[in-house]
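There are 2 protein chains.
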Amino acid sequence: MRKTRVTLKDVANKVGVHSSTVSRVLNPETRKMVTEEIAAKILSAATEMGYRPNAFAQSLKTNRSFTVGLMVPDLTNPAFAPIIKGIDNMLEAHGYSVIVANTYNLPEKQQSTVEKFRERHVDGLIIATAKRKDKLIDDCRREGTPFVQAVRASNDTDVSSVLSDEHIGGNMVISHLAQLGHKRIAYVAGPQLFSTGYERYQGFLQGMKNAGLKPDRDLVVFCDEFSEEEGRNATSKLLAGRKKFTAVYAGNDIMALGVYDELEADGIKCGKDISVVGFDDMPFADKFNPPLTTVHTPLVNVGAEAARILLENISDPDILARSIKLKPDLIVRASTGRVK
Amino acid sequence: MRKTRVTLKDVANKVGVHSSTVSRVLNPETRKMVTEEIAAKILSAATEMGYRPNAFAQSLKTNRSFTVGLMVPDLTNPAFAPIIKGIDNMLEAHGYSVIVANTYNLPEKQQSTVEKFRERHVDGLIIATAKRKDKLIDDCRREGTPFVQAVRASNDTDVSSVLSDEHIGGNMVISHLAQLGHKRIAYVAGPQLFSTGYERYQGFLQGMKNAGLKPDRDLVVFCDEFSEEEGRNATSKLLAGRKKFTAVYAGNDIMALGVYDELEADGIKCGKDISVVGFDDMPFADKFNPPLTTVHTPLVNVGAEAARILLENISDPDILARSIKLKPDLIVRASTGRVK
DNA sequence: ATATGTTATGCAATCGTTTGCATAGCTTTT
DNA sequence: AAAAGCTATGCAAACGATTGCATAACATAT
Numbered sequence: 001m002r003k004t005r006v007t008l009k010d011v012a013n014k015v016g017v018h019s020s021t022v023s024r025v026l027n028p029e030t031r032k033m034v035t036e037e038i039a040a041k042i043l044s045a046a047t048e049m050g051y052r053p054n055a056f057a058q059s060l061k062t063n064r065s066f067t068v069g070l071m072v073p074d075l076t077n078p079a080f081a082p083i084i085k086g087i088d089n090m091l092e093a094h095g096y097s098v099i100v101a102n103t104y105n106l107p108e109k110q111q112s113t114v115e116k117f118r119e120r121h122v123d124g125l126i127i128a129t130a131k132r133k134d135k136l137i138d139d140c141r142r143e144g145t146p147f148v149q150a151v152r153a154s155n156d157t158d159v160s161s162v163l164s165d166e167h168i169g170g171n172m173v174i175s176h177l178a179q180l181g182h183k184r185i186a187y188v189a190g191p192q193l194f195s196t197g198y199e200r201y202q203g204f205l206q207g208m209k210n211a212g213l214k215p216d217r218d219l220v221v222f223c224d225e226f227s228e229e230e231g232r233n234a235t236s237k238l239l240a241g242r243k244k245f246t247a248v249y250a251g252n253d254i255m256a257l258g259v260y261d262e263l264e265a266d267g268i269k270c271g272k273d274i275s276v277v278g279f280d281d282m283p284f285a286d287k288f289n290p291p292l293t294t295v296h297t298p299l300v301n302v303g304a305e306a307a308r309i310l311l312e313n314i315s316d317p318d319i320l321a322r323s324i325k326l327k328p329d330l331i332v333r334a335s336t337g338r339v340k
Numbered sequence: 001m002r003k004t005r006v007t008l009k010d011v012a013n014k015v016g017v018h019s020s021t022v023s024r025v026l027n028p029e030t031r032k033m034v035t036e037e038i039a040a041k042i043l044s045a046a047t048e049m050g051y052r053p054n055a056f057a058q059s060l061k062t063n064r065s066f067t068v069g070l071m072v073p074d075l076t077n078p079a080f081a082p083i084i085k086g087i088d089n090m091l092e093a094h095g096y097s098v099i100v101a102n103t104y105n106l107p108e109k110q111q112s113t114v115e116k117f118r119e120r121h122v123d124g125l126i127i128a129t130a131k132r133k134d135k136l137i138d139d140c141r142r143e144g145t146p147f148v149q150a151v152r153a154s155n156d157t158d159v160s161s162v163l164s165d166e167h168i169g170g171n172m173v174i175s176h177l178a179q180l181g182h183k184r185i186a187y188v189a190g191p192q193l194f195s196t197g198y199e200r201y202q203g204f205l206q207g208m209k210n211a212g213l214k215p216d217r218d219l220v221v222f223c224d225e226f227s228e229e230e231g232r233n234a235t236s237k238l239l240a241g242r243k244k245f246t247a248v249y250a251g252n253d254i255m256a257l258g259v260y261d262e263l264e265a266d267g268i269k270c271g272k273d274i275s276v277v278g279f280d281d282m283p284f285a286d287k288f289n290p291p292l293t294t295v296h297t298p299l300v301n302v303g304a305e306a307a308r309i310l311l312e313n314i315s316d317p318d319i320l321a322r323s324i325k326l327k328p329d330l331i332v333r334a335s336t337g338r339v340k
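Residue numbers (my numbering), protein chains in the order written: chain A, 1 to 340; chain B, 1 to 340.
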């Protein structure tokens with residue numbers, strides 16, 4: 001029951017010096033100010049007594065918490081795990097801790113989360129919840145705490161962000177499908193109020209153009225969320241329409257799963273009768289039935305880069321905003337095939 | 001650029017009272033000590049000025065951080081997402097923030113993480129990394145910070161834990177398989193140094209006994225980690241052996257995926273030729289090929305209960321340790337079928 | 001009118017660090 | 001040997017909140 005933690009003063013008393021001297025020794029930057037012999041004595045006493053600095057006291061004095069806040073919509077979405085991993089690994093290596101919060105796409109939740117983070121004086125924020133137009137981002141900018149957007153970004157040009165290049169992804173998908181002979185390609189679009197939903201749709205349009213295909217308005221369905229259910233709904237709408245299609249390209253892998261479901265329910269074999277493509281390459285996308293052809297976005301790297309930029313921004317608050325788009329890859333699996 | 005945060009003193013000056021009065025008003029417990037009229041004035045001034053308490057200063061004084069540390073082996077494992085969600089939701093509702101750390105099953109990492117948490121003076125710990133015999137748990141117990149184990153637990157009886165009831169799970173699986181006519185059931189065991197690996201194996205043995213079946217030593221393979229690769233290796237060993245088997249029960253879903261791979265590679269149809277069962281019911285287990293019959297462990301609840309117990313333990317440190325085992329369910333899908 | 005009790009507020013110490021400044025104890029210069 | 005210059009350490013004031021104690025101000029009892 002050693003409830004009483006060892007403090008600077010304890011160490012100081014033991015060695016017979018003043019606590020400020022101990023502080024200087026324990027801080028690498030100021031270590032050289034004190035006589036080597038004494039420093040050594042202090043160091044050994046500190047480790048022997050098991051001294052650990054009190055992070056509160058330090059932070060209170062220095063106004064740095066070595067803590068960053070991370071906002072994600074819902075970490076039950078498996079695509080976020082690799083992102084968090086990338087963030088965590090990068091930050092941890094620099095002595096930072098990460099506080100995670102789910103916001104479930106609820107504005108109030110987002111607001112309260114930012115306030116919580118402010119109270120805890122996080123040194124920076126990573127925001128993976130932004131809408132294309134987001135008051136929250138304005139607030140954050142005004143407030144002054146360094147932050148970077150990851151995965152999704154608002155339209156603001158003067159804030160840093162790390163995304164995957166959704167346009168290129170779209171191009172790759174369509175050119176792949178076109179090569180397989182597909183012409184009538186349906187698009188199941190994610191929510192357009194998120195950059196992912198919007199940009200991927202733009203990528204689809206551009207890809208069609210580049211492939212010399214004309215997107216059919218009746219073969220595009222917009223969804224309200226990136227969910228299986230919305231994927232199913234969209235697909236049933238497509239099936240109910242009178243327009244034929246030979247391939248479905250979905251706004252993300254989870255929606256693609258919904259597409260699978262609804263097609264199968266209609267007796268249609270995914271990958272044989274109709275090709276399906278997703279986006280993200282979420283974990284286990286290769287295990288689905290059939291294994292899903294999808295755009296692999298380097299999720300771990302998105303996280304890591306976001307963290308890196310944030311660190312730069314923390315150490316130099318006046319650095320200019322940077323936007324990074326990471327190149328995705330097309331992963332061809334069994335859900336796409338030559339048009340019948 | 002409002003870098004300067006509003007402090008208690010600022011509010012006090014504005015209203016013309018002392019900062020201690022403001023403190024009392026802002027703290028619900030002591031609000032009644034001050035005249036209503038003044039309290040109202042302070043309250044409105046505080047909100048108007050946008051006062052937010054400085055968490056460090058508070059924590060320094062009160063020795064409470066309203067922060068808890070969470071250690072997981074690897075949050076890339078999709079099974080952990082729901083657990084974290086359960087934890088986060090519960091703690092958040094009580095004003096706590098969660099700091100997550102991956103330890104990748106590395107003892108040094110675990111050690112350094114606990115130290116980091118100590119520095120940050122977390123009010124409690126949730127540990128999902130424990131081995132059956134774990135020095136770390138001893139350390140934590142000695143140290144005195146409240147903690148609870150989740151998912152996995154050490155053998156210690158006097159520490160709290162929240163697990164799923166692995167034995168019952170095993171029974172359900174075996175009785176299901178027996179009912180389908182399976183007698184020669186192989187077991188791909190997870191690492192025995194984790195309670196999950198060990199208890200599930202015990203559950204398998206017990207289930208066999210209850211079903212009047214004799215486990216065949218040659219049909220049990222022990223793996224070093226809960227990974228697809230180990231699942232594959234184990235399966236190839238089983239296939240190489242001369243003993244026939246009609247079903248494979250794996251220590252968790254991820255290993256079951258490895259089993260799938262290796263069986264398919266051998267031209268064996270999972271669910272038809274050989275039945276396969278997993279454990280956990282990880283997200284998207286219903287999307288695999290074939291959809292996986294598995295033991296559903298209530299992951300969100302495991303997290304939530306762990307958090308609840310921790311909260312109790314924080315508010316009353318002398319409370320006695322509690323161990324909760326949540327009842328799992330068998331989810332029958334297409335990976336199991338009548339024996340051929 | 002004085003003594004007593006009650007209550008609302010202020011004072012000041014404290015939590016454990018960090019850090020600018022003062023100073024004691026040297027060394028070096030002249 | 002006195003003056004000047006270093007350097008290593010200590011002193012004490014922060015940081016922003018909480019809280020036991022003192023006290024001013026008023027109400028009540030005698």
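Ideal Cβ positions, reconstructed from N, Cα and C, are used throughout, including at glycine.
Subject >> Cβ distance (whole Å) where residue 123/A is taken to contact residue 44/A below 8 Å >> reply: Contact between residue 123/A and residue 44/A fails: their C-beta atoms lie close to 32 Å from each other, not under 8 Å.
Subject >> C-alpha distance - residue 335/B paired with residue 272/B, whole-angstrom precision >> reply: Looking at the two C-alpha atoms, the distance is approximately 8 Å.
Subject >> Residue range of the alpha helix (DSSP H) that includes residue 21/B >> reply: Residue 21/B -> alpha helix (DSSP H) spans 19-26.
Original post:
Ordered along the chain, which non-local residues of its own chain (more than five positions away) have a Cβ less than 8 Å from that of residue 1/A?
Top reply: Because the pLDDT at residue 1/A is just 38, under 50, the model does not fix this residue reliably, and the point stays unresolved.
Original post:
For residue 305/B, which residues of its own chain have a beta-carbon under 6 Å away from its beta-carbon, when the five flanking residues on both sides are left out?
Top reply: 162, 324, listed in sequence order.
**OP:** Starting from the C-beta of residue 264/A, find all residues in its chain whose C-beta is less than 8 Å away, skip the five residues before and the five after it, and write them out in chain order.
**Re:** Cβ within range, chain order: 270.
Original post:
Is the Cβ-Cβ distance between residue 42/A and residue 68/A less than 9 Å?
Top reply: With a cutoff of 9 Å on beta-carbon distance, residue 42/A and residue 68/A are scored as not near each other.
Subject >> Contact set between residue 88/A and chain B, taken where Cβ atoms lie within less than 9 Å >> reply: Correct list: 75, 100, 101, 102.
Subject >> CB contact below 9 Å: residue 226/A versus chain B >> reply: For residue 226/A, the closest Cβ of chain B is not nearer than 9 Å.
**OP:** May I ask you to report which of helix, strand or coil DSSP gives residue 329/B?
**Re:** Residue state, collapsed to three classes: strand.
Subject >> Bridge partners - residue 150/A, DSSP secondary structure assignment >> reply: DSSP output for residue 150/A lists 162/A as bridge partner(s).
**OP:** Can you give me, in chain order, the residues of the stretch 104-124 of chain B that have a beta carbon less than 8 Å from any beta carbon in chain A?
**Re:** Within the stretch 104-124 of chain B, the residues whose Cβ lies closer than 8 Å to some Cβ of chain A are 115, 116, 118, 119, 120, 121, listed in chain order.
Original post:
Does residue 2/B get closer than 9 Å to chain A when you measure Cβ to Cβ?
Top reply: Note that residue 2/B scores 44 on pLDDT, short of 50, meaning its location in the model is unreliable and no value can be drawn from it.
Subject >> Reference residue 222/A; option with closest CA among 212/A, 198/A, 242/A >> reply: Among 212/A, 198/A, 242/A, the Cα nearest to that of residue 222/A is on 198/A.
Original post:
Who are residue 98/A's beta bridge partners in DSSP?
Top reply: In the DSSP output, where bridge partners are listed per residue, residue 98/A has 68/A.
Original post:
Going along chain B in order, which residues have a C-beta closer than 7 Å to the C-beta of residue 97/A?
Top reply: Result: 99, 116, 120.
Subject >> Span separating the alpha-carbon of residue 332/B from that of residue 141/B >> reply: Computed Cα separation, rounded: 40 Å.
Subject >> residue 203/A and residue 176/A closer than 9 Å at C-beta >> reply: In this structure, residue 203/A keeps its C-beta atom at 9 Å or more from the C-beta atom of residue 176/A.
Original post:
What residues in the stretch 44-57 of chain A bring their beta carbon closer than 9 Å to a beta carbon of chain B?
Top reply: Residues 52, 53, 54, 55, 56, 57.
Subject >> Three-state secondary structure (DSSP) of residue 268/A >> reply: Coil at residue 268/A, not helix or strand.
Original post:
Just the Cα atoms here: how many angstroms apart are residue 147/B and residue 155/B?
Top reply: Roughly 15 Å separates the two Cα atoms.
Subject >> Member of 136/B, 117/B, 90/B, 93/B whose CA lies at the smallest distance from the CA of residue 107/B >> reply: It is 136/B whose Cα lies nearest to the Cα of residue 107/B.
**OP:** Could you name the residues that DSSP lists as bridge partners for residue 343/B?
**Re:** Residue numbering for chain B in the displayed model covers 1 to 340; residue 343/B lies beyond these limits and cannot be assessed.
**OP:** Evaluate residue 230/B with the Cβ neighbour count: other Cβ atoms within 10 Å of its Cβ, from every protein chain shown; 16 or more gives buried, anything less gives exposed.
**Re:** With 16 or more other Cβ atoms within 10 Å, it is buried.
Subject >> Spatial neighbours of residue 219/B in its chain, beta-carbon cut-off 6 Å, leaving aside the 5 residues before and after >> reply: Counting only Cβ-Cβ distances below 6 Å, and skipping sequence neighbours, we find 186, 243, 245.
**OP:** To the nearest angstrom, report how far apart residue 18/A and residue 89/B are at their CA atoms.
**Re:** Rounded to the nearest angstrom, the two C-alpha atoms are 45 Å apart.
**OP:** Specify the secondary structure class of residue 44/A as computed by DSSP and reduced to three states.
**Re:** Of the three classes helix, strand and coil, the one that applies to residue 44/A here is helix, per DSSP.
**OP:** Would you list the residues sitting across from residue 279/A in a DSSP beta bridge?
**Re:** The partner list for residue 279/A (beta bridge, DSSP) reads 295/A.
**OP:** Taking C-beta pairs closer than 8 Å, name the residues in chain A that residue 335/B reaches, listed in chain order.
**Re:** Under the 8 Å cutoff, chain A gives no residues; its nearest Cβ is about 11 Å from residue 335/B.
Original post:
Residues of chain A with CB under 8 Å from residue 82/B, in chain order?
Top reply: For residue 82/B, the neighbours in chain A by C-beta distance under 8 Å run, in chain order, 76.
Original post:
Given residue 15/B, which residues of its chain have a CB within under 6 Å of its CB, disregarding the five upstream and five downstream residues?
Top reply: So the list reads 41, 42, 45, once near-sequence residues are dropped.
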